[in-house]
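A quick write-up on the structure given underneath.
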Amino acid sequence: MFSAAGHFMPATNDKPDKPKVHMTVEPSEGESWVFHVSSEHGEAPYRVDLESYPIRVLRGGQWHREFVGECACPDFCKRKRKLVEAGQLVRCKHINAALLYIAGRAVWEAVAAQRKRQAHLRLVKSIACTA
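Next up, the structure:
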């Protein structure tokens, strides 16, 4: 939602008795592509498996295999799983949070690798200039 001034405003809390908290994402130890994502309302974290439900998605005129993922939250179990099994690409907010976590980690790792390469190049240039 946006205000009249064009500023982003988060949606109002539809459950006023349960205040929203920041969602956290933790990788599951010993399991690839599995995460524990907290609830916005402070309930126990939900298990998210990003390798579940592979589907084919048409993108740019070509078919691509994509994983929808699976979550133990009520929204996915009661509503979204049926849509996914019918071939639709729908995800709950916990799956999206886990995907965003992975994307953020990938960006930070790429930035760190780039900085390391740049530092190495500066070192090589400084050595070359003094020789």
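The sequence shown runs 125 to 255 under my numbering.
The C-beta atom is built at its ideal place from N, Cα and C for all residues, glycine as well.
Supposed close pair residue 193, residue 215 - CB separation, criterion 8 Å: For the purposes of this step, residue 193 is taken as the residue at position 69 of the sequence shown. For the purposes of this step, residue 215 is taken as the residue at position 91 of the sequence shown. At roughly 6 Å, the Cβ-Cβ gap stays under 8 Å, so residue 193 and residue 215 are in contact.
Assigned exposure category for residue 251 - 16 Cβ within 10 Å defines buried: One-based indexing of the sequence shown puts residue 251 at position 127. Its Cβ having fewer than 16 others within 10 Å, residue 251 is exposed.
Beta carbon proximity, residue 240 to chain C, threshold 8 Å: This model lacks chain C altogether; it includes just one protein chain.
Element boundaries [beta strand (DSSP E), containing residue 182]: Position 58 of the sequence shown, counted from the start, is the residue given in the question as residue 182. That run of the beta strand (DSSP E) goes 178-183.
Per-residue burial, residue 221 [other beta carbons within 10 Å of its own, 16 or more giving buried]: Within the sequence shown, the letter at position 97 stands for residue 221. Burial call: buried.
Anticipated Cβ contact below 8 Å, residue 177 with residue 191, distance rounded: Along the sequence shown, read from residue 1 onward, the residue named residue 177 stands at position 53. Along the sequence shown, read from residue 1 onward, the residue named residue 191 stands at position 67. The Cβ separation is near 6 Å, so the contact holds.
Residues sharing a beta bridge with residue 199, DSSP: Numbered from its first residue, the sequence shown carries residue 199 at position 75. Looking at the DSSP assignment, residue 199 forms no beta bridge with any residue, so it has no partner.
Residues sharing a beta bridge with residue 190, DSSP: For the purposes of this step, residue 190 is identified with residue 66 of the sequence shown, where counting begins at 1. For residue 190, which the question treats as bridged, DSSP gives the partners 179.
Status (buried if at least 16 other CB within 10 Å, exposed otherwise) for residue 240: Within the sequence shown, the letter at position 116 stands for residue 240. With fewer than 16 other Cβ atoms within 10 Å, it is exposed.
Same chain, Cβ closer than 7 Å to residue 195, neighbours up to 5 away in sequence not counted: What you label residue 195 is simply residue 71 of the sequence shown in a count that begins at 1. 170, 172, 216, 218 and 219.
Buried or exposed by the 16-neighbour rule on C-beta atoms within 10 Å, applied to residue 202: Looking up residue 202 in the sequence shown gives position 78. So residue 202 counts as exposed.
Residue 161 beta carbon less than 8 Å from that of residue 149: If you number the sequence shown from 1, residue 149 lands on position 25. If you number the sequence shown from 1, residue 161 lands on position 37. Closer than 8 Å, so yes.
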